[in-house]
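Input: a single structure, listed below in structure tokens.
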């Protein structure tokens, strides 16, 4: 049996995460992106990131791109949002994974001017979302400006709404595979919170 190359499990997890988010209605076919960090014993870091323009339900592990933290591309064509990922990793050394989705209710809640407070849904929401949900003003996707604003927003929060765009969440587990799923959990919890807040607004009139 052939040996799998280092990082294969990360590649497969990123593929699986995108499919999960698509199945949950948090991504369209070409939307969203995710990355995770593989750190070698000597401290060298490789960033595995989903490719640009890929159909998320047809992605394969070998489609995943590989970069350095400085932005050098070793393999593949990274997501157009790679700047955001690199900026967050530079800002928070504890982050091991980043996932960006297009949460419809989270975006709608911000459009309606509604606050997304984790405590509104109790202990479970706070477990996944922490004490805060940051908000990033609407700017052009894929730009240095969005990268800078998102990294700053995630300095003290683990999830942020990108207004008019979607949401981004981080995972801090030492195991990058677990960190990816941690970030996915946060995005799902955010959408549950946003849906509840929007429904409450509609019911109250």
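Residue numbers (my numbering): 3 to 207. Glycine included, every Cβ here is placed at the ideal spot set by N, Cα and C.
Query, Result
"Candidates 205, 200, 202 and 193, of which the one nearest residue 27 by Cα", "193"
"Own chain partners of residue 93 with C-beta closer than 8 Å, once the 5 adjacent residues on each side are dropped", "153, 154, 156 and 157"
"Residue(s) in a DSSP beta bridge with residue 37", "51 and 100"
"Segment contact flag, the region 57-73 with the region 13-20, C-beta cutoff 8 Å, min 3 pairs", "yes"
"Residue burial classification, residue 46 (beta-carbon count within 10 angstroms, cutoff 16)", "exposed"
"Boundaries of the beta strand (DSSP E) in which residue 76 is found, first to last residue", "75-77"
"Residues of its chain near residue 184, where Cβ-Cβ distance is below 6 Å and the 5 sequence neighbours each way are ignored", "173 and 175"
"Per-residue burial, residue 202 [other beta carbons within 10 Å of its own, 16 or more giving buried]", "exposed"
"Three-way DSSP call (helix, strand, coil) for residue 200 in this model", "helix"
"Start and end residues, beta strand (DSSP E) containing residue 20", "It is not in any beta strand (DSSP E) - residue 20 instead sits in the alpha helix (DSSP H) that spans 10-25."
"Whether residue 164 touches residue 138 by CB criterion (7 Å)", "yes"
"Euclidean distance between Cα positions of residue 78 and residue 20", "17 Å"
"Extent of the continuous alpha helix (DSSP H) to which residue 109 belongs", "106-113"
"Proximity below 7 Å, CB of residue 86 to CB of residue 36", "no"
"Assigned exposure category for residue 31 - 16 Cβ within 10 Å defines buried", "exposed"
"Straight-line gap, residue 105 to residue 33 (C-alpha atoms, nearest Å)", "11 Å"
"Residue 145 Cβ short of 6 Å to the ligand FMN heavy atom set", "With respect to the ligand FMN, the structure offers nothing, as it holds no ligand at all."
"Backbone secondary structure at residue 162 - three-state DSSP", "strand"
"Neighbour-count burial assignment, residue 81, 16 or more Cβ in a 10 Å radius", "buried"
"Candidates 117, 58 and 73: closest to residue 146 by CA position", "73"
"Residue 178, buried or exposed, once every other Cβ within 10 Å from all chains shown has been counted against 16", "buried"
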